[in-house]
Structure formats: C-alpha cells, structure tokens
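Sequence lines, in order, name chains A, B and C. For the first sequence, this note's numbering begins at 115 and goes up steadily by one. For the second sequence, this note's numbering begins at 5 and goes up steadily by one. For the third sequence, this note's numbering begins at 960 and goes up steadily by one. From the three backbone atoms N, C-alpha and C, an ideal C-beta is built for every residue, glycine too.
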Amino acid sequence: MGLEDWLGNDFISTRIKDLLAWGRKNSLWPMPFGTACCAIELMATMSSRYDMARFGAEVVRFSPRQSDLLIVGGRVTLKMMPVLQRIWEQMPEPKWAISMGACASCGGVFDTYTMIQGVDQFIPIDVYIPGCPPRPENLIDAVRLIQDKVGKTEIQKLIDERTGIDNLARLESMDRRRAEEVKS
Amino acid sequence: MTSLPLADMGKIFAERRERAAESAARRVERERRLADAIAAWLGKDLVKREAFRDQQVIFVPLERLHETLAHCKNALGFDQLTDVTAYDTMKLEGDHPERFVMVYILTNLGQEARLRVKAYVPEDDPTVPTAHGLWVGADFPEREVYDMFGIEFPGHPNLKRLLLPEGYVGFPLRKDYPLRGRGERDNFPVVPRTRKATYE
Amino acid sequence: MSSQDLKATSLADSIVPSRAFGEGAMSVEPGLGEKDMIINFGPQHPAMHGTLRLILRLNGEKVSGSEPDMGFLHTGFEKLGEYRTYNQYIVVTDRMNYFSAMANNTGFACAVEEMLGIEIPPRAAAIRVLMCELSRISDHILGIGLQGMDMGAFTPMLWSFIEREKIYDVFELTSGGRLTTSYTRVGGLAFDLPDGVEYRVRTFLDRLDDTVRDMEGMLARNRIFMDRTVGVGVLTREDAVAYGLSGPLARASGIDRDLRRDRPYLGYEQYDFEIPVFTDGCVYSRYQQRLAEIRESAKICRQVLDSMPSGEVNALGAKATLPSKDDVYTKMESLIQHFMLTMPGHGIKTPESGEIYHATESPNGELGWYLISDGTAVPYRVRVRPPSLFAFQAIPNMIQDKLVSDVVATMSSLNVIAGELDR
C-alpha cells in the first residue's frame, strides 16, 4: 500500500525537511565547555568504552564557530560566566545547549559567593543532566534527547525565530524605500 | 618486585613500624631544637610558642617578622616555603591582640623539619612585608591572602586579585563576609533565546 | 539594494563586556612602538588543561613575556569549610583534584584524625593506602596520556582512559561513585571492602604492565616526542625549591623528597617501594618520572593486597565514628553516640583551640591541610595547600624565550588541575 510499495526497494520517501533533520541530528558537533569534574566524565564519554561517536557527536572541535551543541560541564564561577556567554554568542544558529551536572544546572554542592547557581539564568539551556558527576550513560541520554528535539524542529523557522530576522518585514521595508526613492 | 614471604610479613612490618616511630620521634626532637634556636635568637621579642600535637608554632611580632623569616632561611636552613596563609580571629575564643594572623609554614628539606611562624596583623593597617624577596614561591599565595583577607604586601611585584575578578569588592574569607556573597553571582546580563530585529 | 536597506538593531548589545578580562595594565603589556603581540592562551582552549589562562606576549613565535591568570574555577572551598561539618566536608574535598579524588579524601581525613588524636585501625589504613595508590596510578596514567595528546599522539590517551575505566570500576564497587567517591570518614571509612574488589584490582594490575609498556613504546623513543620534550620547560633544582614545588615535578628536577618515605603516614613505612628521581627537570624527565611512579604504585598495591589485615574499618573507641546499626538499635550507649554525632549542635568533639598542618603525598605533590578547630563540629578555618598553585606560578620562568609549542608541552607536563588550583 502506498508510495513505498509502488516504488519498490530502491527508493524511500520522506520530506526534505525530515531528511535534513535526520542528517543534522546524527551529526551534532559538540563544543565541550568543560571546567571541572564533569569534564572528565565528558572525556570518558568520548573515549572507547562509552563511545559518543556511535551517536554522531564525535567531531569535538573546541572552536565555537564550528559547533552546534554546547555542553556546559562543570562549575561556572563569577570569572568564567562572561567567558561562557561570549562562547555562546559566538556559536552560530542553530545551536542547542546541555547543562551537564548539578553545578551547571543549579549550583550543585556549592552555594557560595562565586558560584553561579544555575547557568540557565543567563544562557538558554535545552537539556539538564542531574548527577555529580553524571554517568556517561546520562550524557549519552541527554544527547539523545537533543537529537529528538533536533529531529522535530523546522530549521529555517528556528533560525528565523532566534535571530529575529523577519524576511517579510525586510522585504516590505525595502519596498517602502524603493517607493520613496522613486517619488523623490 | 620484592616478594616477602607471607609468614614473615607480620614480623617485618612490625619492625618497620617501630623504626618509623623512632625516626618520627627523632624528627620531632629536631623540630623542637630548631624552634628553640629561633626562640633563643628572638629573645624577649617572642610573643608566644605552642606545640600542639608536636607541631612547633612560633608567634613573632610583626616588626620582626621579615627578619625572622630571613634568619630561618639563611641560618637555620628552612629552604622551602610550603605555604603562606592567614586567618581571622574575630570569632575565635581566647585573647587575640589583633584581628588577623599571618601564617607561614616553612620546611627544612635537608633535615626534614617543619615550622609554623605566625604574626598578628592589625585590622586598621593590614600591611605585612612581602616574603617574595626570600622565596620566589611566595608570589601567588600572598596574592591570594590579599584577595581573601585584604592584607597588603608592600614590595610584592604584582599585588592584584588572584582568584576573584578584578573589580570585586569585599574580602570573602573575613568572618563578616556572608557565605552566599552580596549578590554578585546573580548580576549578569541574560542572553535571550530569541531576538527581535526592527526594520525602518 | 544597498547595505543601508537593512538596519537591524545590532546584536552587539547582547555581547557582554567581558569582566573576566580586566582593564588594568597587565605586567606584560608592550610599550608603544614595540612589535610584540599579546595573545590569550585560555581559559577556553583545546590545549589548555582546564580553566587556566596564560597571557602571552609574543615576538613572532617566541615568548617574550607571560603572565598566568587563574581563578576561573574558584568556588570558595575554604569559606565553605567554615559552614560544613568534618564529615560533610569530605564530600567537598572530592571535587578538588578530580583526577584522584580518593587521595584528597584520605588527606583530609588523616589531617582531622591527627588533630583529634585518633588512631585508625590497620585495616582502614591499608585500604586507604590501596585507594590512594590506585588514584595515583589513575592520575599519572592520564597525565602521560594528556602529555601525548598535546603533542598530537591521540592513542595513548585512549589507552589511559581504558585503564582509568577499570579503576573506576573498582572505585564504584567500593564507594558507589566513579569519580567523586567520598569514601573516607573521620575515624575510618564509609564502608568495608566488598567481595569482588581484590579480584578486580589484581586483574587490573596484571594487565597494567602491558599497557604501560605499550604507552612507553609509543612515546619513550619516539623521535617527535623526544624532540618536543627533551630540554624543554626546564626547571632547575634551586628554582624548584624556591618556588615551593613538590611531588613528581620536584623529583623530576632532582629533589629527593617523598612524604610517603620521609614522613610516613597510614603505614607506608611497611611497604617496599623506591622513589625514582630524575635530574634533568625537563618535560621528558617529568614523563619518565610519572611512568616510573606508576610502576612503584603497582608494587605497593600488590603488597597491600597480600598483607591486608582483617578487622574493623572504623575506630570504634574514639567518639568520632558512627556505630553500626545493629548496636544503635540494641545498645543504649551506641544510640547516644549516634545521637551526639548526627544531631545539629553536637557532632564530633574537637579540641578547643587545636590547629594542625598535615600533608600527604598526593599524585600532584604535597597536598597540605591546615585546620583550625574551635571546639564545635564545624572547622574554624580550612586551608588547602594546593601543589598545583606552586607549579603554576613557576610557568613564566619555564617558558621565557621559548616557542609557543614549547608552552603547550610545558603546560601539559605540569598537570595543573584547576579544581585544586582555584579551590
């Protein structure tokens, strides 16, 4: 029944946006912002036993310009918060963020004068991982949740929404200007 | 790898424990003699002397602190400065003439001996001569003491805050500073998820 | 369409003026007319181990000045110590040197026990030695792996992570946590060793020789590794003493001091092990030092397992440890002791004006604890003497007039751990 039977075994049918979403979610490029103990569990997740490369998130390039998934692993302090914000700003859209561990999610064990009690007060976070430090399986689960999220988003809509570029308004403003020029 | 026969292990271990206990007793004696030497050198300037759990502690007046450290290093062989720190006596029992106490932990590598030199520092003029001239390794620990307590070290090459951001106000390890700070940790701009561009 | 058509409000409003980078004059600022360039190495950098920042002043590829900057992970451990009881603070000590958490736990517990004058039972001492040496193996093998990775050799790092996973299995079986174990308590340990531990440790030690030999084969006579590390980042013996260095860094520079031999604690005097000392003080000799120390630690672990005493793991006589639940439910005095230790306002009885400085040989060097007690269950002052701090301040000395790639090699050989450095 349906298109697939008629096409046979050599074709699959899908929508282009689903195909792109499938490609995008299985090739997330993480940007590890590891500060403390959670960074060690992050490194352990990337190593041979809990291989993150199975899920596509293998290309760990420490450059924010080339990544789409920020993993904040470890405690973020007063001095480090502007650095984190700068890194987040430098990442191009579409981007997602995971807050790994208790310290990044809510301050953790440390309720002191320098600890940011939860990175999500100042940076938008998509997935939180509890644990101190979370097991590598937890991190893989979080990446899987992000993959589900990425698989469902319409990327162009997301980019437009987040960067605030409204193409219709832009075209209208261009039309208005052209009309003024013609009048004068 | 030396494999000890299991039957004799108990006896050998007991012998080694005994020998270690004797050498520890000799070390305690060495430390006591070194502390005696300093006390004798200071004469009547010695403020106090303690030996809790066999660890020698010497209190010196602030004016003679730098000389005492120099004497320890040059004449008595304390060639390594293990730590520089301080504490605030505001909530501590007992009589303390001033608010802050500077603590220097010195190690004599040749004789394996440790010594703690302390000095009271007044609250209204917390300046202590730097030990950087004697041991280069006093650089960062003194900066940290400045950062945490506000004690200044004239003569230090680079006395800036070490652990906290440069514009920070307050000295956290003082006893009148709250654990949760005074709101600096909630004071950052919020990066929004979405933005709105406007067109004219 | 000209570019004036689109006048969106700029996104620059939301880019934060970074307060981490202060506006004060740095000590390496070049003067007018000089051609040197200031480069920020860190705090977020692929080759930087943790959140450390090195401000380099470069003349081409040569470093003409540098200034280390730290504090990006300062969490206020020392202030927190004044608000947590001794046993609660053990949880916090895990997070300092996160490569080897057991060593921190042990160091703190030993310091508190010395201040209280408690003698722990021999079984607890032997288990603590076993755990400390396993964390030493884990820290050093990762240090060597990271040193290789910074030179571009990726494989030894993956091998070292496999060994660490085996050690994590042991830690997880004993204490419940892989990385942050919180295994020791004042007066002993949280739990006794469960059944599978000895088998796992012996299997691990049997395979460890092969792995270390493989890693040595990869790096030790490797032309590229040797060219990049021999004679690089040299620290002479006098400088090492003056900067306050200790541990593998000091021993690689020729200082023959190891707290396990010179001030033995926890029964280290009973075991047979050597202290390797190298005299070159360069990056290569630090690599050799750590490799040799892994082998010595494996020896100690085997001896501990062969001679493990039986008995209690908690000092029951001293009023600082919790009695077992059977006793609490059946005997009156155990119930009272349990009450006195756990209720707020009571807790461990500490000396009225006691203070102690106790140092253990952690994998990074002399980890010192300076504790002041005031009679309550909460310390008055907790001071951690981090070995990484003294190594970090020696960096400008080691990289002056060297190339940028030497900076990377030197940084990786120091094994500066930001959690311990900044506390």
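**OP:** Starting from C/GLN1229, find everything on chain A with Cβ-Cβ shorter than 7 Å and list it in chain order.
**Re:** Position 270 of the third sequence, counted from the first residue, corresponds to residue 1229 of chain C. By Cβ distance, chain A contributes nothing, its closest Cβ being about 32 Å from C/GLN1229, past 7 Å.
Original post:
Is the closest heavy atom of the ligand MG to the C-beta of C/THR1044 under 7 Å?
Top reply: Summarising the ligand content, the structure contains no ligands, and the ligand MG is consequently not present.
Original post:
Which one or two residues does DSSP pair with C/ALA1328 in a beta bridge?
Top reply: The residue you call residue 1328 of chain C lines up with position 369 of the third sequence. Per the sequence shown, the amino acid found at residue 1328 of chain C is Trp instead of Ala. Looking at the DSSP assignment, C/TRP1328 forms a beta bridge with C/HIS1317, C/VAL1343.
Original post:
If we call anything under 8 Å between Cβ atoms a contact, is A/PRO208 one with A/VAL174?
Top reply: Locating residue 208 of chain A in the first sequence gives position 94, counting from the first residue. Locating residue 174 of chain A in the first sequence gives position 60, counting from the first residue. Contact: no.
**OP:** Quick one: grab the DSSP three-state call for C/ILE1307.
**Re:** Translated into the one-based positions of the third sequence, residue 1307 of chain C becomes position 348. Of the three classes helix, strand and coil, the one that applies to C/ILE1307 here is coil, per DSSP.
Original post:
Does B/PRO57 come within less than 8 Å of chain C when only Cβ atoms are used?
Top reply: In the second sequence, residue 57 of chain B corresponds to position 53, counting from 1. With the sequence shown as reference, residue 57 of chain B is identified as Arg, and Pro is not the correct amino acid for it. Yes, B/ARG57 lies at the interface with chain C (some Cβ there is under 8 Å from its Cβ).
Original post:
At a Cβ threshold of 8 Å, is C/HIS1004 touching chain B?
Top reply: One-based indexing of the third sequence puts residue 1004 of chain C at position 45. Chain B has no Cβ within less than 8 Å of the Cβ of C/HIS1004.
Original post:
Considering only C-alpha positions, which residue in the set A/GLU155, A/ALA283, A/MET166 is nearest to A/LEU142?
Top reply: Within the first sequence, numbered from 1, the residue matching residue 142 of chain A stands at position 28. Selection A/GLU155, A/ALA283, A/MET166 evaluated against A/LEU142 yields A/MET166 as nearest (Cα-Cα).
Subject >> Closest residue to C/HIS1305 among C/LYS1284, C/ILE1121, C/GLY1334 (Cα-Cα distance) >> reply: Taking the third sequence and counting its residues from 1, one reaches residue 1305 of chain C at position 346. Residue nearest to C/HIS1305 within the set C/LYS1284, C/ILE1121, C/GLY1334 is C/GLY1334 (criterion: CA-CA distance).
**OP:** Grab the span of the beta strand (DSSP E) containing A/GLY222 for me, first residue to last.
**Re:** Working through the first sequence from its first residue, we reach residue 222 of chain A at position 108. Per DSSP, A/GLY222 belongs to no beta strand (DSSP E) and is neither H nor E.
Subject >> Partner residues on chain B for C/ARG1219, Cβ-Cβ distance less than 7 Å >> reply: Taking the first residue of the third sequence as position 1, residue 1219 of chain C is located at position 260. Correct list: empty, because the minimum Cβ distance to chain B is about 11 Å.
**OP:** Take the Cβ of A/TRP120 as the centre, count every other Cβ of all protein chains shown within 10 Å, and call the residue buried at 16 or more, exposed below.
**Re:** In the first sequence, residue 120 of chain A corresponds to position 6, counting from 1. Classification for A/TRP120: exposed.
**OP:** On the DSSP bridge assignment, give the partners of B/ARG118 in chain order.
**Re:** Along the second sequence, one-based indexing puts residue 118 of chain B at 114. B/ARG118 is bridged to B/THR111.
**OP:** Taking only beta-carbon positions, decide if A/SER213 is within less than 8 Å of chain C.
**Re:** As a first step, residue 213 of chain A must be located in the first sequence, where it is residue number 99. Against chain C, the CB of A/SER213 has no partner CB under 8 Å away; the residue lies outside that interface.
Original post:
Is DSSP giving A/GLY278 helix, strand or coil here?
Top reply: The residue given as residue 278 of chain A occupies position 164 in the first sequence. Three-state DSSP puts A/GLY278 in coil, outside helix and strand.
**OP:** Anything in chain B within Cβ reach of A/TRP202, meaning under 8 Å, just list it in chain order.
**Re:** Taking the first sequence and counting its residues from 1, the one referred to as residue 202 of chain A is at position 88. Ordered by position in chain B, the residues that pass the 8 Å Cβ test against A/TRP202 are VAL195.
**OP:** Classify C/LYS1038 as helix, strand or coil using the three-state DSSP reduction.
**Re:** The sequence position of residue 1038 of chain C within the third sequence is 79, counting from 1. Three-state result, C/LYS1038: helix.
**OP:** Mark C/TYR1045 as exposed unless 16 or more other C-beta atoms lie within 10 angstroms of its C-beta, in which case mark it buried.
**Re:** Looking up residue 1045 of chain C in the third sequence gives position 86. Answer is buried; the Cβ neighbour count reaches 16.
**OP:** Helix, strand or coil for A/GLU187, going by three-state DSSP, please let me know.
**Re:** On the first sequence, position 73 is the one that residue 187 of chain A refers to. The question names Glu, but residue 187 of chain A in the sequence shown is Gly. Looking at A/GLY187 - three-state DSSP - the assignment turns out to be strand.
**OP:** Determine, using beta carbons only, whether B/LEU38 comes closer than 8 Å to chain C.
**Re:** Along the second sequence, read from residue 1 onward, the residue named residue 38 of chain B stands at position 34. No, B/LEU38 lies away from the interface with chain C (no Cβ there is under 8 Å from its Cβ).
**OP:** Please name the residues in the region 1162-1183 of chain C whose beta-carbon is closer than 7 Å to at least one beta-carbon of chain B, in chain order.
**Re:** Listed by position, the residues of the region 1162-1183 of chain C near chain B (Cβ gap below 7 Å) amount to none.
**OP:** With DSSP as the reference, please indicate the residues paired to B/MET106 in a beta bridge.
**Re:** Taking the second sequence and counting its residues from 1, one reaches residue 106 of chain B at position 102. Answer is B/ALA90, B/ALA123, bridged to B/MET106.
Original post:
Would C/PHE1120 count as contacting chain A if we go by Cβ distances under 8 Å?
Top reply: For this step, residue 1120 of chain C is matched to residue 161 along the third sequence. Judged by the 8 Å Cβ criterion, C/PHE1120 is in contact with chain A.
Original post:
Can you tell me whether DSSP reads A/ALA171 as helix, strand or coil?
Top reply: The residue you call residue 171 of chain A lines up with position 57 of the first sequence. In the structure shown, A/ALA171 falls within a coil segment according to DSSP collapsed to helix, strand and coil.
Original post:
Is C/GLU1314 close to chain B, meaning its C-beta is less than 8 Å from at least one C-beta of that chain?
Top reply: Walking along the third sequence from the start, residue 1314 of chain C turns up at place 355. Chain B contact via Cβ: present.
Original post:
Quick one: complete beta strand (DSSP E) runs, 3+ long, within the region 116-181 of chain B?
Top reply: Counting only runs of 3 or more, we get 117-125.
**OP:** Would you grab the beta carbon distance between C/GLY1324 and C/LEU1204 for me? Rounded to a whole angstrom, and I think it's under 8 Å.
**Re:** As a working note, residue 1324 of chain C is residue 365 in the third sequence. As a working note, residue 1204 of chain C is residue 245 in the third sequence. Taking 8 Å as the upper bound for CB-CB distance, C/GLY1324 and C/LEU1204 are in contact here, some 7 Å apart.
Subject >> Proximity test, Cβ basis, 8 Å: B/ARG53 and chain A >> reply: The count along the second sequence starts at 1 and reaches residue 53 of chain B at position 49. Not one chain A Cβ lies under 8 Å of B/ARG53.
Original post:
Should A/GLN180 go down as buried or exposed, given a rule of 16 or more other Cβ atoms within 10 Å for buried?
Top reply: Counted from its first residue, the first sequence places residue 180 of chain A at position 66. By the neighbour-count rule (16 or more Cβ atoms within 10 Å), A/GLN180 is not buried but exposed.
Original post:
Does the beta carbon of C/PHE1031 sit closer than 8 Å to a beta carbon anywhere in chain A?
Top reply: Within the third sequence, residue 1031 of chain C is the residue found at index 72, counting from 1. C/PHE1031 counts as touching chain A.
Original post:
What residues match up with C/ALA1201 in a beta bridge as DSSP calls it?
Top reply: Taking the first residue of the third sequence as position 1, residue 1201 of chain C is located at position 242. C/ALA1201 is bridged by DSSP to nothing; it lacks a bridge partner.
**OP:** Determine the chain C residues that contact B/GLU97 at a beta-carbon separation under 9 Å, and present them in chain order.
**Re:** Position 93 of the second sequence, counted from the first residue, corresponds to residue 97 of chain B. Those within 9 Å of B/GLU97 in chain C are GLU1311, SER1312, ASP1333, GLY1334.
Subject >> 8 Å CB neighbourhood of B/LEU4 in its chain, flanking five on each side removed >> reply: Only positions 5 to 204 of chain B appear in the structure, and residue 4 of chain B is not among them; the question remains open.
Subject >> For C/ARG1187 and C/ASN1374, the rounded distance between their alpha carbons >> reply: By one-based count along the third sequence, residue 1374 of chain C stands at place 415. By one-based count along the third sequence, residue 1187 of chain C stands at place 228. Cα to Cα, C/ASN1374 sits roughly 17 Å from C/ARG1187.
Original post:
Using 8 Å as the limit for Cβ to Cβ distance, is B/LEU168 near chain A?
Top reply: Position 164 of the second sequence, counted from the start, is the residue given in the question as residue 168 of chain B. Yes, contact with chain A.
**OP:** Using a Cβ-Cβ cut-off of less than 8 Å, list which residues of the region 174-207 of chain A approach chain B; keep chain order.
**Re:** Flagged, chain order: LEU192, LYS193, MET195, PRO196, GLN199, TRP202, GLU203.
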